[in-house]
Structure formats: structure tokens, C-alpha cells
Amino acid sequence: MTATHNIICIGSVLWDVIGRAPNHLSVGSDVPGRITRLPGGVAMNIAMTLRRFGLVPALLSAIGEDEEGRELVATCTRMGMVTDYIYRSADLPTDRYMAVEGGNGLIAAIADAHSLEAAGAKILTALEDGRLGSAKAPYAGPIAIDGNLTEELLQEIAKSPLFANADLRIAPASPGKAERLQPLLGHQNGTLYVNLEEAGLMCLSTFETSRQAAEALMARGAHRVLVTNGGEDATMATPGTICCQTPPPVMVTRVTGAGDTFMAAHIAAELRGDSPDDALSAALKAAAVYVSGETPL
């Protein structure tokens, strides 16, 4: 029997292999540290944070039927996520992400999400075959989407009747994939979560503040945006409304997953009825706690 969910997370669900060292690193650094393998991917990171806030996410992704895939699905299920709708393939390996972090932040990362890209629209099957919705009765709840999907699939989602009634929450996945989100920028129910660099890439410009970036994205047709800028002010913008807040100061011990934590915490706050100001404050606090290393991995 399928468990009841209250949000859908669409995108990358994979294994994160993260190497961390306290030293400041540069090209060619060879230092002692810790290497961990954890469930990851943008959709998975968002889903894990949603679980910490008591929500139950259903995952729509592509995971192989290999040993790594079976272990990953079992782990997601144990964590309380709905895995019934994941596209499983015997021909595609389970995706992976590898990163190196030092005391000076993220040094380098490689995302091997080729299976998710190869699966394409197959991961959306449950939204059209009646299990989660259909073209005649589209899903009407919140859906988090990450930019690891192909540009073609994101274009399809932007105009698809399957998403006409959904509360879309959209994340780029990385600066290199921010421009993929252009088709979703003007979605009537879309909320875009980006950092300052990603906002600049989407606007073909550079910005000094999150407010400038948010205003530029709104001018390009965005329905609602949240722009973060590390430890500087973050901005939430809707037509006619701008809200800026500064995150709590903390010692940064990790960065991978911070944006996903911010997004998930904001969604959770809004779903429990927080005001716009309170929801932004809750998201900034959750992200600050995460980067300080206080949130359990």
C-alpha cells in the first residue's frame, strides 16, 4: 500500500560522495580528511529536509536496478519517503555526485546524472496515468523540481497541463544548470529559488545584491523568486512586494546542500501557514544551522 504524501520532489536522487577537509584547499592539494557516501541529489536533499519538518515527500526520479540503486531505494523508504513512483531501469546505472570541500568552501564537484537525463519524461508517468494525476485532473499540490532535468523536459513541464494546477517550487541544482530553468521562469504558479550567481546567469548579468537580482528576475516575468547570497541579505519578491533579511552569522563547516535546505525549510514553513516574513526567516535559520554543521547528516 502506497504511503500518503503531501509534496512531490522531482529530479536527482543519487549517491553523494563527499570529501571534506578542514584545510584551505587549492588545485593539487593532498590532505587528510573524511570521505562519506550519503543519499543525495537536489530532489533528495530537499526531500530529506522536508522529512525533518514532518512532511512526507513522494520521489519522482530515475534509479537503476543495480546494487547501488536497490540500496538507495531501500534507504529512501526507511527515511519515510514514498518511492513507489520512481522510474526503475535495468539499463541505466544509478547516478552519483562527487565533491571536494575544504575550509574555503566547495573546491570542485562532478554530477553524474546521465541516467536521470536519459530517462526523460518517463519519470513523470505517475502524474499522467492517474496514480498522482492526469491531464484532465492535474495534480494540485506542491511540487519541487530541480534543474538536473534536461532543458527539453523542463520546457515540456512549463507548458504541460499536468502541472497547470501545481504549486511549483523550482531550484537550478547548480549555477551551470541555471539557464535550463528559463522555460519555467514565467510559470503562473512557480516559485524560483536561486543564489546570486544563478540569478545573474539567468538574467545574463551580474548583481551586487540579492534585491537587485530578485527585481531583475521579476522584470523578466517571474511569478515569485527567492534569491540568496551566502551570509549576506536574502530577498523574496512577488509582484509589488520585496522582503529582505540577513541570515544569522555562523561558522561555515559545509556548503553542499545548503541551498536545498533553504528551499525545503521555506516550503515547510509556508505549508504550515507562516507569513512571508516568517517563512523567509525560518528558511535562513535552517540553512545557517545546516552550514554550521549542527543539522544531522
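Following the working numbering, the numbering of the sequence shown begins with 796 at its first residue and continues without gaps.
Glycine included, every Cβ here is placed at the ideal spot set by N, Cα and C.
- Apart from sequence neighbours up to five positions away, the residues of its chain that approach Glu993 with a beta-carbon distance below 6 angstroms are Pro967, Pro970, Ala973, ordered along the chain.
- Nearest in C-alpha terms to Gly942, of all of Gly936, His909, Pro1042, is His909.
- Within the model, the alpha-carbon separation for Gly836 versus Met843 is close to 10 angstroms.
- If you compare the alpha carbons of Arg1049, Gly936, Gln983, Asp924 with that of Ala953, the shortest gap goes to Gln983.
- A straight-line Cα-Cα distance of about 28 angstroms links Asp924 and Glu862.
- Between the alpha carbons of Val826 and Thr1056 lies a distance of about 28 angstroms.
- One thing to note: Leu820 has its Cβ within 8 angstroms of the Cβ of Ile902.
- For the 8 angstroms CB-CB criterion, Met1046 and Ser1087 form a contact.
- Taking a C-beta distance under 8 angstroms as the contact criterion, Arg846 and Gly875 qualify as a contact pair.
- Spanning the alpha carbons of Ala959 and Arg1067 requires a straight line of approximately 23 angstroms.
- Cα atoms of Thr1001 and Gly995: separation of roughly 5 angstroms, rounded to the nearest angstrom.
- Annotation: the continuous beta strand (DSSP E) that includes Pro852 extends over 852-855.
- Counting other Cβ atoms within 10 Å of its Cβ, Arg964 reaches 16 or more and is therefore classed as buried.
- Counting the other CB atoms within 10 Å of its CB gives Val1020 a total of 16 or more, which places it among the buried residues.
- Assigned with DSSP and collapsed to three states, Gln983 falls in coil, not helix or strand.
- If the five residues before and after Ala885 are omitted, its C-beta is found closer than 6 angstroms to the C-beta atoms of Glu860, all from its own chain and listed in chain order.
- Between the C-alpha atoms of Pro933 and Gln977 there is a straight-line separation of about 23 angstroms.
- Pairing Trp810 with Arg891 gives a Cβ-Cβ distance under 8 angstroms.
- The DSSP assignment places 862-873, 909-914 as complete runs of the alpha helix (DSSP H) inside the region 858-923, in order along the chain (cut-off: 4 residues).
- With respect to the C-alpha of Pro1044, the residue from Glu947, His1018, Ala1082 having the closest C-alpha is Ala1082.
- Arg865 has its alpha-carbon roughly 44 angstroms from the corresponding atom of Ala1011.
- For Ala930, same chain residues with a beta-carbon under 7 angstroms away, outside a window of 5 residues either side, are Glu923, Pro956, Leu957 in chain order.
- When rounded, the separation of the alpha-carbon atoms in Pro888 and Gly828 is 28 angstroms.
- Note: Met1031 is bridge-paired with Leu1021, Cys1038 in the DSSP secondary-structure output.
- In the three-state reduction of the DSSP assignment, Leu1075 falls in the helix class, which pools H, G and I.
- The alpha-carbon of Tyr882 is positioned some 6 angstroms away from that of Ser856.
- Excluding the 5 residues flanking it on each side, His1061 has same chain C-beta neighbours closer than 6 angstroms at Ala1074, Ala1078, in chain order.
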